[in-house]
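First up is the structure itself, then whatever we jot down about it.
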Amino acid sequence: MDAPSVNVGILTEKAVIFVFNEEYVHTETGDFLIGEQRALYVNGSIIFNGKLYRELFFEPTSPKASFDLKAVTIGLDYHWQRKEDQCFRGALNLVAGQDTIMAINQIDVEEYLISVISSEMSATASSEFLKAHAVISRSWLMAQMTKNLRLADKNHPPYQSTFLTDDELIRWSDREDHDMFDVCADDHCQRYQGITRASTPLVAEAVFATRGQILVDGNEICDARFSKCCGGMTEKFENVWEPVPHSYLTTIADSEETDFPDLTIEAEADRWIRTLPPAFCNTHDKEILSQVLNNYDQETTDFFRWQVTYSQAEIAELIRRKTEIEFGDILDFIPLKRGSSGRIEKLRIVGTRRSFTIGKELEIRRALSESHLYSSAFVVDKETDGIAVVPHRFVLTGAGWGHGVGLCQIGAAVMGAQGYSYDKILTHYYPSASIEKRY
Ligand SMILES: [Zn+2]
Ligand SMILES: [Zn+2]
Numbered sequence: 010m011d012a013p014s015v016n017v018g019i020l021t022e023k024a025v026i027f028v029f030n031e032e033y034v035h036t037e038t039g040d041f042l043i044g045e046q047r048a049l050y051v052n053g054s055i056i057f058n059g060k061l062y063r064e065l066f067f068e069p070t071s072p073k074a075s076f077d078l079k080a081v082t083i084g085l086d087y088h089w090q091r092k093e094d095q096c097f098r099g100a101l102n103l104v105a106g107q108d109t110i111m112a113i114n115q116i117d118v119e120e121y122l123i124s125v126i127s128s129e130m131s132a133t134a135s136s137e138f139l140k141a142h143a144v145i146s147r148s149w150l151m152a153q154m155t156k157n158l159r160l161a162d163k164n165h166p167p168y169q170s171t172f173l174t175d176d177e178l179i180r181w182s183d184r185e186d187h188d189m190f191d192v193c194a195d196d197h198c199q200r201y202q203g204i205t206r207a208s209t210p211l212v213a214e215a216v217f218a219t220r221g222q223i224l225v226d227g228n229e230i231c232d233a234r235f236s237k238c239c240g241g242m243t244e245k246f247e248n249v250w251e252p253v254p255h256s257y258l259t260t261i262a263d264s265e266e267t268d269f270p271d272l273t274i275e276a277e278a279d280r281w282i283r284t285l286p287p288a289f290c291n292t293h294d295k296e297i298l299s300q301v302l303n304n305y306d307q308e309t310t311d312f313f314r315w316q317v318t319y320s321q322a323e324i325a326e327l328i329r330r331k332t333e334i335e336f337g338d339i340l341d342f343i344p345l346k347r348g349s350s351g352r353i354e355k356l357r358i359v360g361t362r363r364s365f366t367i368g369k370e371l372e373i374r375r376a377l378s379e380s381h382l383y384s385s386a387f388v389v390d391k392e393t394d395g396i397a398v399v400p401h402r403f404v405l406t407g408a409g410w411g412h413g414v415g416l417c418q419i420g421a422a423v424m425g426a427q428g429y430s431y432d433k434i435l436t437h438y439y440p441s442a443s444i445e446k447r448y
C-alpha cells in the first residue's frame, strides 16, 4: 500500500518564483514545464503565463524530479529569520489566498519524515532512538491530518485557550491549526526544508524500517508529544494544554524505578527538584546530548537540573515588561498548583503594588525569562539583606527542559544508547499506546 501524501505550507507571497529542475506537468492544461517560472497575485487570482487561476497544480513526471522555491523565509519570528532558496520533491500546489499566493508542497509522508527528522536529529543518534522518533513524528503527522478533517466540520465548537480574570491569566499555547494545508514548514509544526539539505542515511533507514508504523490508543491515533528533558518525571497533557486527559500522555517516572513521589505536593516537589534522582535523562554525556541537540554548542550540559539567578531590579523589570503588569518590587513567587512532573501550572507573583497569578507552564516560562525559562519545574530561594522586607536576589533552581509531556528526548537517546529497542522506548513514554502498521 502507498503511503498517504501530506500537504505542507511552505510560503505565502505576492510573487512566487520557482524552478522546475526536471519536467513537471500543469495538471489543468497538460502543459509540460521546465526551468524558471513566475506566478503573481492580482485581485484574488494568480497570473501564470498570461492566464488567471484560483489554483495551480504541478505534478512531477518522474519520482526523482525536484523543484526550487526562491526566497523562502525560514525561522519565522526567530532571531535567525532569513530567506533562502529551497529544493523539494513531489508536487507543487499554488493557491490564491486572502491577499497572497500560498505555495504548498504535496509530498509522500515517508519522504516528509526523512526530511524533518534529518533536520532535527544529529547524524550520531542510535538507530533505536531514531526509529522511536520516526514513529512519533509519523503519529503526530497522521493525528494532525485527521484533526484537520474534523476541524473542517463547521459544527465543531470554537477552541478556547485563554482565561483572564482580574486576578489571574491562565493560557496555553497549543498549535493553532492550518486550513489550507496539513502542516506548515516552520518550527510551529515541524521544520521542513524539503531536500535542500542532504538527508541523514541513518534517518532514512529508521524511517524505512518503521514504514507505516504509528502509535495508537484504542481507535485513536496518538498525538505523540515530546520535549527535550522531562527532569525525571513526565507531565500530564492536561496540566500543560487543554484540560482533557489522554491516557497515553500521563505521568511516568523516567527510569526503571517504580517508587516515586507525588510531585503535586510542594514539599515533595521541593526535595525532588533540589536533588538528582535516578532517571534516563539524568546525564551530562556530551555524546548523547549531541544526538538530540543538533548544532548545539554544548557549552552547558545542565538540563536535568539548572539554576538561574536574578537581582531584584532585573526580575522586577523583566516581569513588568513581559506581563505588562505593575507589580512594584517582587516579594515572592508562590506555586499554587504543580503538575505531576513538578512543573508549576499556576504561579502567584507577589509584588509590593499588586499580586497576580499566571499559568500554564509556557506563560510562566515566558514571564520569568528573556527568552524561555528551561521549564516551570522550579523552586525559588529569596535572599534578603538584614531586616529588609524586599528580597534583593532570587535564585531559581529547576528541573528539565520543555513541557515534559510524552517522550523525553534526552531520556530516549540514553535508552537507545543503553540498548533498549524502539518499541520499548515508546511504550515507556506512552504507556497505554501500541504500535500499529497502517501501510
Ligand atoms: Zn504550523
Ligand atoms: Zn526524562
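Per this note's numbering, residue 10 is the first one in the sequence shown, and the count goes up by one each step.
Heads up, the beta-carbon is just placed ideally off N, CA and C, and yes, glycines get one too.
Residue i burial status per 10 Å Cβ neighbour count (16 or more: buried)
| i | result |
| --- | --- |
| residue 363 | exposed |
| residue 260 | buried |
| residue 285 | exposed |
| residue 452 | Residue 452 falls outside the range modelled here, since the chain spans only 10 to 448, and no answer is possible. |
| residue 423 | buried |
| residue 91 | exposed |
| residue 394 | exposed |
| residue 107 | exposed |
| residue 51 | exposed |
| residue 57 | buried |
Short Cβ contact (9 Å threshold) for residue i with residue j
| i | j | result |
| --- | --- | --- |
| residue 67 | residue 101 | yes |
| residue 444 | residue 223 | yes |
| residue 400 | residue 311 | no |
| residue 355 | residue 179 | yes |
| residue 360 | residue 337 | yes |
| residue 233 | residue 136 | no |
| residue 75 | residue 47 | no |
| residue 113 | residue 190 | yes |
| residue 43 | residue 33 | yes |
| residue 237 | residue 431 | no |
| residue 12 | residue 118 | yes |
| residue 386 | residue 353 | yes |
| residue 383 | residue 411 | yes |
Cβ separation of residue i and residue j, assumed to be a contact under 8 Å, to the nearest whole Å
| i | j | result |
| --- | --- | --- |
| residue 70 | residue 127 | Their Cβ separation, rounded to whole angstroms, is 26 Å, which puts residue 70 and residue 127 out of contact at 8 Å. |
| residue 19 | residue 81 | 6 Å |
| residue 240 | residue 413 | 6 Å |
| residue 177 | residue 366 | 4 Å |
| residue 408 | residue 282 | 5 Å |
| residue 244 | residue 348 | 5 Å |
Which listed residue (the options) has its alpha carbon closest to that of residue i
| i | options | result |
| --- | --- | --- |
| residue 381 | 387, 373 and 77 | 373 |
| residue 252 | 170, 226, 241 and 116 | 170 |
| residue 231 | 436, 19 and 25 | 436 |
| residue 419 | 95, 300, 398 and 390 | 300 |
| residue 157 | 174, 186 and 330 | 186 |
| residue 322 | 402, 295, 120 and 379 | 402 |
| residue 17 | 149, 155, 195 and 388 | 195 |
| residue 203 | 263, 93, 410 and 153 | 93 |
| residue 263 | 250, 280 and 313 | 313 |
| residue 370 | 379, 389, 344 and 392 | 344 |
### Message
Restricting to runs no shorter than 3 residues, where is the beta strand (DSSP E) found entirely within the stretch 199-276?
### Response
222-226
### Message
Ignoring anything shorter than 4 residues, give me the alpha helix (DSSP H) runs that lie fully in the stretch 105-184, in order along the chain.
### Response
Counting only runs of 4 or more, we get 118-129 and 136-160.
### Query
Unbroken alpha helix (DSSP H) runs of length 4 or more, entirely within the stretch 20-97: which are they?
none
### Task
Within the stretch 334-413, note down every full beta strand (DSSP E) run reaching 3 residues or more, in order along the chain.
339-347, 353-360, 364-368, 387-392 and 402-408
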